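First to last, the protein sequences are chains A and B.
Just so you know, the numbering used here puts 64 at position 64 of the first sequence, and the rest follows in order with no gaps.
Just add 1000 to the spot in the second sequence (first one is 1) and you have the numbering used here.
Cβ coordinates follow ideal geometry from the N, Cα and C atoms, glycine included.
Bear in mind that the values here come from a model prediction, so they are computed numbers and not experimental data.
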Amino acid sequence: RKEVEQDPGPFNVPEGATVAFNCTYSNSASQSFFWYRQDCRKEPKLLMSVYSSGNEDGRFTAQLNRASQYISLLIRDSKLSDSATYLCVVNIESDSWGKLQFGAGTQVVVTP
Amino acid sequence: GAGVSQSPSNKVTEKGKDVELRCDPISGHTALYWYRQSLGQGLEFLIYFQGNSAPDKSGLPSDRFSAERTGGSVSTLTIQRTQQEDSAVYLCASSYTSFVQVANSPLHFGNGTRLTVT
């Protein structure tokens, strides 16, 4: 079983709609969670950290469910520019960036 | 300001040759990381540096892989006797510190080096 698993998608979303997807992690001791965004053939970029109480950044909302060991990302009022692969990132051993585990990504395609 | 710079952006090499990949981190960033990403796969951790030392080399897939960092800045990742399974995008990232809980210490990635071993 992979440490971090994501539905690869693609999630095809009409412009203006809401899309949500999850990421499950296997290590119950994980402490730090992040969502990164990666455009095609580009480098990953930090989208947002995920805090235990859940957090929102504009149209993006991240949630953490420790009991079921998953994090989620919700995108409201989807824009064409939201089309990308969203990488779930979880620390598996410590708070060092070097021990972070990346999921393979969920592809989101926003259509006009 | 300047971001993380990697060179070359693309490298095609023959099986069995050695390759050297370079990463120039953001100025002032003490931590530097190497990952690789194969098609359709997540990022695979290779090694990270805090300053010039590498506390964790556990991700290096074999002894053909080595990395060094000098002067607390530029890092090179060397792959000896390349194999076809080494083909991937090699991503370098840097951060102000190596600890994720520091609020202003996200990972900044370079554009990567796309390595193709023929």
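Local conformation of residue i per DSSP, three classes
i       : result
A:L80   : helix
B:S1086 : Strictly speaking, residue 1086 of chain B in this sequence is Asp, with Ser absent from that position. Looking at B:D1086 - three-state DSSP - the assignment turns out to be helix.
A:K45   : strand
B:K1011 : strand
Extent of the continuous beta strand (DSSP E) to which residue i belongs
i       : result
A:C23   : V19 to Y25
B:L1060 : Element bounds for B:L1060: n/a, residue is neither H nor E.
B:I1026 : Where B:I1026 is concerned, there is no enclosing beta strand (DSSP E), given that its DSSP letter is neither H nor E.
B:Y1096 : Where B:Y1096 is concerned, there is no enclosing beta strand (DSSP E), given that its DSSP letter is neither H nor E.
A:R59   : Note, A:R59: premise wrong, no beta strand (DSSP E); not H, not E.
A:R37   : F33 to Q38
Rounded C-alpha distance that separates residue i from residue j
i       : j       : result
B:Y1035 : A:S78   : 30 angstroms
A:S83   : A:V89   : 19 angstroms
A:K149  : A:S28   : It is not possible to answer for residue 149 of chain A, since the shown part of chain A is limited to 1 through 112.
A:L100  : B:F1045 : 8 angstroms
A:Q31   : A:P14   : 34 angstroms
A:D39   : A:T85   : 6 angstroms
B:P1061 : A:P112  : 43 angstroms
B:F1049 : A:N91   : 17 angstroms
A:R59   : A:A20   : 12 angstroms
A:L73   : A:V4    : 15 angstroms
B:L1162 : A:L46   : In the structure displayed, chain B extends from 1001 to 1118; residue 1162 of chain B sits before or after that span and is not available.
A:T8    : B:K1011 : Looking at the sequence provided, one finds Pro at residue 8 of chain A rather than Thr. A:P8 and B:K1011: Cα-Cα distance of roughly 28 angstroms.
A:V108  : B:G1059 : 29 angstroms
A:S68   : A:S52   : 13 angstroms
Residues near residue i by beta carbon distance below 8 angstroms, same chain, minus five either side
i     : result
A:G54 : T61, A62, Q63 and L64
Contacts around residue i, its chain only, beta-carbon distance under 7 angstroms, and the 5 residues preceding and following it disregarded
i       : result
B:L1043 : Y1035, Q1037 and L1091
Contacts around residue i, its chain only, beta-carbon distance under 6 angstroms, and the 5 residues preceding and following it disregarded
i       : result
B:D1024 : S1005 and V1074
Checklist entry - Quick one, which residues of the segment 1028-1052 of chain B are near chain A if we go by CB-CB under 7 angstroms, in chain order? => result If the cut-off is 7 angstroms between Cβ atoms, the segment 1028-1052 of chain B has A1031, Y1033, G1040, Q1041, G1042, L1043, F1045 and Y1048 near chain A.
Checklist entry - Got a sec: which bits of the segment 1103-1114 of chain B sit with their beta carbon under 7 angstroms from any beta carbon on chain A, in order along the chain? => result So the close ones are P1106, L1107, F1109, G1110, N1111 and G1112.
Checklist entry - Quick one, which residues of the segment 40-52 of chain A are near chain B if we go by CB-CB under 9 angstroms, in chain order? => result Answer set for the segment 40-52 of chain A: R41, K42, E43, P44, K45, L46 and S49.
Checklist entry - Relative to chain A, which residues along the segment 1071-1094 of chain B have a C-beta separation below 7 angstroms, given in chain order? => result Residues L1091.
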